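Trainee: Sharing a structure, written as structure tokens. Questions coming.
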Amino acid sequence: VDEDTRRDPAALIAYLRQHKGDVANTTPTMFAAMLESLGNEPWPGKVAILGAESIPAPLIHRLYENPANRNVVVYNLYGPTEACVEVAYHRMTASDWNRFIPIPIGLPVAGARLRLLDSNNQEAAMGVPGEICILGAPLARGYHNREEETRKAFVPDPENPRQRMYRTGDIGRRLSDSSIVFLSLIH
113 VDEDTRRDPA ALIAYLRQHK GDVANTTPTM FAAMLESLGN EPWPGKVAIL GAESIPAPLI
173 HRLYENPANR NVVVYNLYGP TEACVEVAYH RMTASDWNRF IPIPIGLPVA GARLRLLDSN
233 NQEAAMGVPG EICILGAPLA RGYHNREEET RKAFVPDPEN PRQRMYRTGD IGRRLSDSSI
293 VFLSLIH
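Residue numbers for the sequence shown follow our numbering, so the first one is 113 and each next one is one higher.
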């Protein structure tokens, strides 16, 4: 998709229709603008993959309040740059999108592990806020030519000191289904 199309919600909708695109991968902000440009028309694809921002629940409500969109599946993806790719996902459908509000970042993708650590570097209990920490295959080695920052953010896992983890600076809490909801940034 060219740069002009990528920045224009109506042009993106037209592109999806013209190319019979089933999947759109964008930010919640652009998704909202695309829905707005549609008015009462149905979403042109089957899957919407949203990332890089928190998803406001009213946005997903707006999608599913149109009966023509009942079969659209939405994924919320979470993954800071230091993990190279998304490390967590949450799948939503018309029948279950509002099971948890705010919308979770979800469960870890294959090869990734997420921990929530309290201020004592212990696993936070279910429902208790903690810092989101990333372990596993998606984790970067560190910051290029920034050794001090790397030492602070990429630390040994308190549970297994031979394994590294990335302290995201994001606060989350674990839900009853083991998924994680993003709450805020550490101040």
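Note that the Cβ used here is the ideal one computed from N, Cα and C, for glycine as well. All values reported here derive from a predicted model rather than from experimental measurement.
Can you tell which of Pro270, Gln234, Glu235 and Gly239 has the C-alpha that lies nearest to the C-alpha of Glu212?
Mentor: Here residue 212 refers to the residue found at position 100 when the sequence shown is read from its first residue. The residue you asked about is not Glu; residue 212 is Phe in the sequence shown. Closest by alpha carbon: Gly239.
Trainee: What is the rounded straight-line gap between the Cα of Ala160 and the Cα of Tyr187?
Mentor: For the purposes of this step, residue 160 is taken as residue 48 along the sequence shown, with counting starting at 1. For the purposes of this step, residue 187 is taken as residue 75 along the sequence shown, with counting starting at 1. Distance between the alpha carbons of Ala160 and Tyr187 is about 6 Å.
Trainee: Looking at the strands, I want to know which residues DSSP matches up with His131.
Mentor: Taking the sequence shown and counting its residues from 1, one reaches residue 131 at position 19. BP columns for His131 are empty, so no partner.
Trainee: Measure from the alpha carbon of Asp134 to the alpha carbon of each residue in Gly151, Glu271 and Pro156, then state which is nearest.
Mentor: Working through the sequence shown from its first residue, we reach residue 134 at position 22. When only C-alpha atoms are compared, the closest one is Pro156.
Trainee: Could you work out which residue in Leu251, Pro154, Asn210 and Ile283 is closest to Glu235 when comparing CA atoms only?
Mentor: Numbered from its first residue, the sequence shown carries residue 235 at position 123. Per the Cα distances, Ile283.
Trainee: When you compare each of Ala169, Arg129, Gly223 and Arg279 to Asn233 by their alpha carbons, which one comes out closest?
Mentor: Working through the sequence shown from its first residue, we reach residue 233 at position 121. When each option's Cα is compared against that of Asn233, the closest is Arg279.
Trainee: Which of the three DSSP states is assigned to Ser296 in this structure?
Mentor: The residue given as residue 296 occupies position 184 in the sequence shown. Note: Ser296 maps to strand in three-state DSSP.
Trainee: Between the segment 164 to 175 and the segment 193 to 200, do at least 3 Cβ pairs fall closer than 8 Å?
Mentor: They do not touch, by the three-pair rule.
Trainee: What residue does the beta strand (DSSP E) around Glu243 start on, and which one ends it?
Mentor: Walking along the sequence shown from the start, residue 243 turns up at place 131. Where Glu243 is concerned, the enclosing beta strand (DSSP E) stretches over Gly242 to Gly248.
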